[in-house]
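Following: one structure in structure tokens, then a few remarks.
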Amino acid sequence: MSLLKRFGAMVSNSRKNNKKQLNHPKKILQKKRRNLRFKTTLFVQPLTIIIVSFAIILLVFNVLLKLFIAEQAFTAVQNQYDTLDTLYVGDTPETTAEGNIFETTYIIADDSFDIKYISASMYDLSEKKISEKIIDYFSDNDDIEWFDDIDEDDADYSDYQNSLNYFKKVEIDGSAYMIKMQEYPGTLADSYVKQDNNDDSPTYYIFVFANVTPIEELENYINFILLGLMVIIGIIASISIFLTARKLDRNFGSLKSYILGVGNREKNLPTENFAYREFNEVGQTVERMNDMIDANQRSQQLFFQNSSHELRTPLMSIQGYVEGIKEGVIDAKEAASVIVDESQKMTDLVDDILTLSKMESVQTQLQLEKLNITDLLYDVSWRLKAKADERGIAFEHHFDDDYLEIEADEKLLERAFTNILSNAVRYAKTQISISGKLIENQLQITISNDGEAISEQDQEYLFERFYKGKGGHFGIGLAITKEIVERHKGTITVISNAQETSFIIYLPVK
């Protein structure tokens, strides 16, 4: 393949790759996905968490409160039965100091459900009325059968008092009562039933009940308050979340529009100032990326212009000599020498461009091998000795050790040293010095020449790709050198003054 075809193919592929890289984010952003809106997610998820949290709190509160009411009611009723059981067997009941939120009332009825005794005060007509309605309720609804599952042959009455199976909640006239019934065969002794040994003793039913209506009303009131608070907090949270979500959505929309504008390569995009620091950081990052892309495009454009100019100059020279040979005005041997030199310039330039393109590829792997840097530097300087002798330049070598070994890619390092030494031969006056020494875990290589000093402005951009210095020479070689050194996890710097210019390279020693 000719040099022009190689260069043209490289330029074409580079432009295609750049176009793909610029369009790739656009395709990703424009790809349709069936996802939730950002604003919807910000609004729905926090509100759902708040509602579910309140619902769980309300549920747990009601469950625990109902368990507490049942436990307190059962305890109060059972304490009353404990007293009646003690009196039943003829013992004196002990007074318990245990507190309870419920007061109990008990009713003694015979087997015909006629009331024989009510523990309420004779002046408490409401308790008497409720007692009568409780007896009527069980009599009318045959609920006594619900209690008849007790084994009457079982003489251990503790089985009754320790069982919840005969503990029932009943609603009468809009009030709720927790009721328990036990059978006591024996003799009625005023306010309790006393045990006797007669088989013909009548059976009495003792109903003990507690009014749980007040505590349930308190429960309903608390539920009402909690529900009201939940609604109020829910409304406030909804408004707050909605406003925040709308603000976030607007800022995100502006950020998205800005990023899309950058992706579409729109010019003169206004700098956005977002309400949130994170969005500003993203916007600033995108802005820096946009500036880097613009700078890269300008550099590439300048590179192609300079490359075209560098190729056009030897091509025009070759064309002129060829036309001179054709017209018979130039000696063919003299022209052939010039044509060969100009062709070599084009070959070197295209090779540099292809090498740089290859180095930019992430697929490029270093071919590492053990390498004696001393021998490599001697070889490179020897190949340039002829050009140096033509210009009256001498090489000097100073190595602390004749064998300085590292692991490196020999071909790439040879290219890097050749680029630096070629520049040194071009600009040196009388001498080029090459030195190498080990400093801790690094190998320091210094290449110096006594040529003209490099300006501070040129030093700043000396290793930039596609940079052209004041001298007018197209400096792609040093960009390649820097890329090679950094691929080896090393560094390269330049120090230039009126006495000498030195390139200092540090490479790690493994």
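Residue 72 in full-length UniProt numbering sits at position 72 of the sequence shown; the count goes up by one each step and never skips. Ideal placement from N, C-alpha and C gives every residue a C-beta, glycine not left out. Values in this document were obtained by computation on a predicted structure and should not be read as measured data.
Please work out which residues of its chain come closer than 7 Å, Cβ to Cβ, to Ile393, disregarding the five sequence neighbours upstream and downstream, and give them in chain order.
-> Here the question's residue 393 lines up with position 393 in the sequence shown. Val425, Ala428, Thr430, Gln431 and Ile432, listed in sequence order.
N-terminal and C-terminal residue of the beta strand (DSSP E) that Thr491 is part of | By one-based count along the sequence shown, residue 491 stands at place 491. Where Thr491 is concerned, the enclosing beta strand (DSSP E) stretches over Thr491 to Ser496.
Sequence-distant residues of its chain with Cβ nearer than 6 Å to Ile339 (five each side left out) = As a working mapping, residue 339 is identified with position 339 in the sequence shown. Cβ within range, chain order: Ile318 and Tyr321.
Determine the closest residue to Asp199 out of Thr187, Ile236 and Val208, with distance taken between C-alpha atoms.
-> Taking the first residue of the sequence shown as 1, we reach residue 199 at position 199. Of the candidates Thr187, Ile236 and Val208, the one whose C-alpha sits nearest the C-alpha of Asp199 is Thr187.
Using beta-carbon positions only, say whether Phe113 and Val212 come within less than 8 Å of one another.
-> For the purposes of this step, residue 113 is taken as the residue at position 113 of the sequence shown. For the purposes of this step, residue 212 is taken as the residue at position 212 of the sequence shown. No; because the gap between Cβ atoms is not below 8 Å, this pair is not in contact.
Opening and closing residue of the beta strand (DSSP E) in which Lys180 lies | Here residue 180 corresponds to residue number 180 of the sequence shown, with the count starting at 1. Lys180 -> beta strand (DSSP E) spans Ser175 to Pro185.
Measure the C-alpha to C-alpha separation of Lys411 and Lys358 and round it to an integer number of angstroms.
-> Translated into positions along the sequence shown, residue 411 becomes position 411. Translated into positions along the sequence shown, residue 358 becomes position 358. Cα to Cα, Lys411 sits roughly 13 Å from Lys358.
Cβ-based burial, Ile206 [other Cβ within 10 Å; buried from 16] | Within the sequence shown, residue 206 is the residue found at index 206, counting from 1. Buried.
How big is the Cα-Cα spacing for Ala70 and Ile51?
-> As a position in the sequence shown, residue 70 is number 70, starting the count at 1. As a position in the sequence shown, residue 51 is number 51, starting the count at 1. Spanning the two alpha carbons is a distance of roughly 29 Å.
Below 8 Å between beta carbons: does that hold for Phe43 and Phe167?
-> Position 43 of the sequence shown, counting from 1, holds the residue named residue 43. Position 167 of the sequence shown, counting from 1, holds the residue named residue 167. The answer is no: Cβ separation not under 8 Å.
Entirely within the segment 324-386 and at least 3 residues each: give me those beta strand (DSSP E) ranges in chain order.
-> 369-372
With Tyr204 as the anchor, note down where its beta strand (DSSP E) starts and where it stops.
-> Residue numbering aside, residue 204 sits at position 204 when the sequence shown is read from its first letter. Taken as a continuous stretch (DSSP letters only), the beta strand (DSSP E) holding Tyr204 covers Thr203 to Asn211.
Starting from the Cα of Pro270, find the closest Cα among Ser238, Asn290 and Asp136 and give me that residue.
-> Taking the first residue of the sequence shown as 1, we reach residue 270 at position 270. Considering only alpha carbons, the answer is Asn290.
How big is the Cα-Cα spacing for Phe463 and Lys247?
-> Along the sequence shown, one-based indexing puts residue 463 at 463. Along the sequence shown, one-based indexing puts residue 247 at 247. Distance between the alpha carbons of Phe463 and Lys247 is about 46 Å.
Beta-carbon proximity list for Lys194, same chain, < 8 Å, skipping 5 on both sides | Here residue 194 refers to the residue found at position 194 of the sequence shown. Within the same chain, Lys194 has close Cβ partners Leu87, Tyr88, Gly90, Gly186, Thr187 and Leu188.
To the nearest angstrom, how far is it from the Cα of Thr481 to the Cα of Leu356?
-> The count along the sequence shown starts at 1 and reaches residue 481 at position 481. The count along the sequence shown starts at 1 and reaches residue 356 at position 356. Using only the alpha carbons, I get a separation of about 9 Å.
Would you say Gln459 and Ile504 are within 8 Å of each other, going by their C-beta atoms?
-> In the sequence shown, the residue the question calls residue 459 occupies position 459. In the sequence shown, the residue the question calls residue 504 occupies position 504. 8 Å or more divides the Cβ of Gln459 from the Cβ of Ile504.
Residue(s) in a DSSP beta bridge with His397 | Along the sequence shown, one-based indexing puts residue 397 at 397. According to DSSP, His397 bridges with Ile434.
Same chain only: Cβ atoms within 6 Å of Thr491, ignoring 5 sequence neighbours per side | Mapped onto the sequence shown, residue 491 falls at position 491. Setting aside the 5 residues that flank it on each side, Thr491 is surrounded in the same chain by Tyr506, each with a C-beta closer than 6 Å to its C-beta; the list follows chain order.
Note down the Cα distance separating Lys489 from Pro508, rounded to an integer number of angstroms.
-> Numbered from 1 along the sequence shown, position 489 holds the residue referred to as residue 489. Numbered from 1 along the sequence shown, position 508 holds the residue referred to as residue 508. Whole-angstrom Cα-Cα distance: 7 Å.
Have a look at Phe417, Ala498 and Lys437 and flag the residue whose alpha-carbon is nearest the alpha-carbon of Ser455.
-> Mapped onto the sequence shown, residue 455 falls at position 455. Of the candidates Phe417, Ala498 and Lys437, the one whose C-alpha sits nearest the C-alpha of Ser455 is Ala498.
Cβ pair Asp409, Leu368 closer than 8 Å | Translated into positions along the sequence shown, residue 409 becomes position 409. Translated into positions along the sequence shown, residue 368 becomes position 368. Against a cut-off of 8 Å, the Cβ pair of Leu368 and Asp409 comes out as a contact.
In the DSSP assignment, what are the bridge partners of Thr104?
-> In the sequence shown, residue 104 corresponds to position 104, counting from 1. In DSSP, Thr104 forms a bridge with Ala210.
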